[in-house]
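Line by line, the protein sequences give chains A and B.
Last residue of the first sequence: number 248 in UniProt numbering, and the count goes up by one each step with no gaps.
Last residue of the second sequence: number 236 in UniProt numbering, and the count goes up by one each step with no gaps.
Quick notes on the structure that follows.
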Amino acid sequence: MLKHLYDTDCVTWSPQGKLFQVEYAMEAVKQGSICLGLKSSENVVLCSLKRQPSELAGYQEKQFKIDDHMAIAIAGLTADARVLCKYMRTECLEYKYTYESHHPVGRLVFKVAEKSQHKTQSGAKRPYGVGLLVAGIDPNGVHLFETCPSGNYYEYKCQAIGSRSQAARTYFESWFHLFEKSTLEQLVLHGLSAIKKAIMEDEELNEKNVEVGILGKNLKFTHLNAQELKDYIAKLEGFNPNSQIQQE
Amino acid sequence: MIFNSEISGEQQHTTSPVVTGGSVIALVYNGGVIVGTDTLCSYGSMAAFKNVKKIAQISKNTIYASSGEFSDFQQVVKELAKIDRSALQYDDGVHPSPKDYGNFLARLSYKKRCKINPLYLQNVIAGFHNGERYLSLVDIYGTYLESNFITTGFASYFCKAIISNYWNENCTLDQAKQVIRECFKVLFCRDCRAHDVIQLAYVDAQGAHIEEPERVETKWDFNGFKSRANEKLHTQ
Chain A
1 MLKHLYDTDC
11 VTWSPQGKLF
21 QVEYAMEAVK
31 QGSICLGLKS
41 SENVVLCSLK
51 RQPSELAGYQ
61 EKQFKIDDHM
71 AIAIAGLTAD
81 ARVLCKYMRT
91 ECLEYKYTYE
101 SHHPVGRLVF
111 KVAEKSQHKT
121 QSGAKRPYGV
131 GLLVAGIDPN
141 GVHLFETCPS
151 GNYYEYKCQA
161 IGSRSQAART
171 YFESWFHLFE
181 KSTLEQLVLH
191 GLSAIKKAIM
201 EDEELNEKNV
211 EVGILGKNLK
221 FTHLNAQELK
231 DYIAKLEGFN
241 PNSQIQQE
Chain B
1 MIFNSEISGE
11 QQHTTSPVVT
21 GGSVIALVYN
31 GGVIVGTDTL
41 CSYGSMAAFK
51 NVKKIAQISK
61 NTIYASSGEF
71 SDFQQVVKEL
81 AKIDRSALQY
91 DDGVHPSPKD
101 YGNFLARLSY
111 KKRCKINPLY
121 LQNVIAGFHN
131 GERYLSLVDI
141 YGTYLESNFI
151 TTGFASYFCK
161 AIISNYWNEN
171 CTLDQAKQVI
181 RECFKVLFCR
191 DCRAHDVIQL
201 AYVDAQGAHI
211 EEPERVETKW
221 DFNGFKSRAN
231 EKLHTQ
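Here it is as structure tokens:
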């Protein structure tokens with residue numbers, strides 16, 4: 001992205017009606033490594049590609065449990081993500097303490113969006129440089145939301161954000177009509193297939209650089225462990241979404 | 001030194017009630033939950049307000065009643081209505097369940113109790129949510145108890161035997177109503193702060209139904225009252 005006039009702070013509009021600082025913040029999300037989410041009528045799955053800053057380092061975690069019924073996957077500035085993660089966890093705990101039930105998902109996403117918007121309307125603040133995919137289950141059903149630095153939020157059937165996410169979205173566009181009725185296993189395989197579309201030629205998916213989180217109506221949020229990831233990645237070879245159509 | 005607390009702005013703590021409501025009796029039945037109260041607010045031993053509606057509808061499927069300080073009852077109704085209203089602001093179709101209200105009230109009562117400024121109430125929250133009946137008691141300390149039947153005040157002493165003998169959790173609505181009417185009959189006879197006009201309200205799958213007040217049947221035309229054979233005139 002080239003530099004623009006009118007981009008010094010959040011309180012300056014451009015003549016075209018853009019807030020450049022907010023747009024720049026959304027660039028930070030696009031630079032993060034890919035994470036995606038997809039849901040069926042019973043489950044939500046989050047998949048992300050973990051980056052390793054150097055060979056000596058560990059892999060950066062991208063998915064965080066907010067509560068038993070909710071989790072997020074992040075793309076962008078991890079430090080900003082930690083702030084939002086802490087806020088969401090605190091809100092869930094307070095809600096549970098007061099009402100003895102789970103925080104409705106949409107409502108928490110709305111709160112995060114409000115917080116994000118607040119940062120886009122001040123001369124002294126900067127927007128959060130992170131986009132979240134919020135997966136959650138509440139009495140209203142199964143949810144997948146995306147939040148972004150602008151303070152907007154959207155609900156999705158499936159979505160991918162971060163670097164090279166367009167490839168994953170293209171995969172989704174071809175196959176998302178199957179997701180509603182997919183089993184959990186099929187959902188994970190779809191997610192991993194989508195991520196595979198988004199990795200570089202010389203990279204390969206393995207249990208170290210991929211993170212998969214699953215959530216279900218009767219399933220608290222869990223990460224797949226290394227062995228389960230290995231098994232799923234092995235199954236990817238023989239996974240053919242066309243066979244799922246024949247079943248139905 | 002200023003000793004008059006109105007001038008000095010000291011915070012006052014309410015630890016004794018002024019206008020009080022009587023017992024609440026609530027039972028679960030096969031299709032929902034029913035709550036009964038009388039319609040009296042007492043000013044100490046004076047039966048001051050005899051036509052008071054003491055059962056409030058909090059949301060479509062939740063009702064609330066309490067015994068104790070009536071101004072605190074009114075305040076709690078406002079607090080619980082606030083929650084339901086804020087759900088409208090979010091506009092996401094999520095409404096608190098009866099259990100959410102019950103827990104909220106327990107947290108609120110506990111907080112005030114810890115500051116030695118309690119809501120002077122025994123609260124009963126009744127509701128029907130997702131096909132399940134809900135009935136709970138929150139007391140003045142913030143204790144939260146879910147149960148199939150709840151009695152507060154003197155009903156806990158006089159009415160448990162009647163409930164135990166004539167009620168079970170799968171009885172019909174009419175049977176439950178009869179049990180409650182019988183309980184209030186006994187209360188009117190034995191509890192000095194009770195009244196013979198009661199109000200029933202029930203919540204089922206269709207929502208909350210609050211009935212008009214009704215007078216409990218009582219019998220006063222005993223021969224013993226007329227002849228007063230048991231009373232001796234002491235003349236000296």
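Using N, Cα and C, we set each Cβ at its ideal position, and we do this for glycine too.
So, does the CB of residue i fall closer than 8 Å to a CB anywhere in chain B?
i: T98 of chain A; result: yes
i: N218 of chain A; result: no
i: G106 of chain A; result: yes
i: N140 of chain A; result: yes
i: S41 of chain A; result: no
i: S101 of chain A; result: yes
i: F110 of chain A; result: yes
For chain A, find out if any of its Cβ atoms is closer than 8 Å to the Cβ of residue i; answer yes or no.
i: G93 of chain B; result: yes
i: D174 of chain B; result: no
i: N103 of chain B; result: yes
i: R107 of chain B; result: yes
i: K185 of chain B; result: no
i: K99 of chain B; result: yes
i: P96 of chain B; result: yes
i: Y134 of chain B; result: no
i: Y90 of chain B; result: yes
Using a Cβ-Cβ cutoff of less than 6 Å, which residues in the same chain neighbour residue i once the five nearest sequence positions on both sides are dropped?
i: residue 237 of chain B; result: Here chain B covers residues 1 to 236 and nothing more, so residue 237 of chain B does not appear.
i: S182 of chain A; result: S40
i: E169 of chain B; result: V28 and N148
i: D67 of chain A; result: C92
i: K185 of chain B; result: V216
i: S163 of chain A; result: S33 and I34
i: H143 of chain A; result: V105 and G136
i: P96 of chain B; result: I83
i: D72 of chain B; result: L119, Y120 and L121
Who are the Cβ neighbours of residue i in its own chain at under 8 Å, not counting the five residues just before and after it?
i: P139 of chain A; result: P104
i: V83 of chain A; result: Y128
i: G32 of chain B; result: F128, R133, L173, Y202, V203, D204 and A205
i: D202 of chain A; result: none
i: L187 of chain B; result: G22, S23, D38, F154, A155, F158, C159 and A194
i: S122 of chain A; result: C10 and V11
Thinking residue i and residue j are a contact (beta carbons under 8 Å), I'd like their distance in whole angstroms, please.
i: C192 of chain B; j: S45 of chain B; result: 7 Å
i: A208 of chain B; j: Q57 of chain B; result: 5 Å
i: Q175 of chain B; j: T37 of chain B; result: The pair is not a contact, with the Cβ atoms about 19 Å apart (cut-off 8 Å).
i: Y59 of chain A; j: A113 of chain A; result: Contact doesn't hold; Cβ gap of about 29 Å is too wide.
i: F221 of chain A; j: L215 of chain A; result: 5 Å
i: I34 of chain B; j: K177 of chain B; result: 7 Å
Are residue i and residue j close, meaning C-beta to C-beta below 8 Å?
i: I72 of chain A; j: A198 of chain A; result: no
i: Q117 of chain A; j: G76 of chain A; result: no
i: G21 of chain B; j: G68 of chain B; result: yes
i: C85 of chain A; j: F64 of chain A; result: yes
i: Y110 of chain B; j: G153 of chain B; result: no
i: L133 of chain A; j: Q166 of chain A; result: no
i: Y64 of chain B; j: I125 of chain B; result: yes
i: residue 271 of chain A; j: K196 of chain A; result: Nothing can be reported for residue 271 of chain A: it is not among the residues displayed for chain A, which extend from 1 to 248.
i: E100 of chain A; j: K99 of chain B; result: yes
i: L189 of chain A; j: L236 of chain A; result: yes
i: C10 of chain A; j: T120 of chain A; result: yes
i: I25 of chain B; j: I180 of chain B; result: yes
i: I116 of chain B; j: H13 of chain B; result: yes
i: L49 of chain A; j: V212 of chain A; result: no
Please return the same chain residues whose Cβ sits closer than 7 Å to the Cβ of residue i, not counting the five positions on each side in sequence.
i: R190 of chain B; result: F158
i: F20 of chain A; result: H4, Y6, D7 and S14
i: I161 of chain A; result: V29, C35, A75, G131, L133 and E146
Which of helix, strand or coil does DSSP assign to residue i?
i: C114 of chain B; result: helix
i: C92 of chain A; result: helix
i: V44 of chain A; result: strand
i: R133 of chain B; result: strand
i: Q122 of chain B; result: strand
i: D174 of chain B; result: helix
i: Q57 of chain B; result: strand
i: F154 of chain B; result: coil
i: L2 of chain A; result: coil
i: L40 of chain B; result: coil
i: I180 of chain B; result: helix
i: F239 of chain A; result: coil
i: I140 of chain B; result: coil
Regarding residue i and the ligand MG, is the C-beta to nearest heavy atom distance less than 7 Å?
i: W220 of chain B; result: Judged by which ligands are present, the structure shown has none, so any question about the ligand MG falls away.
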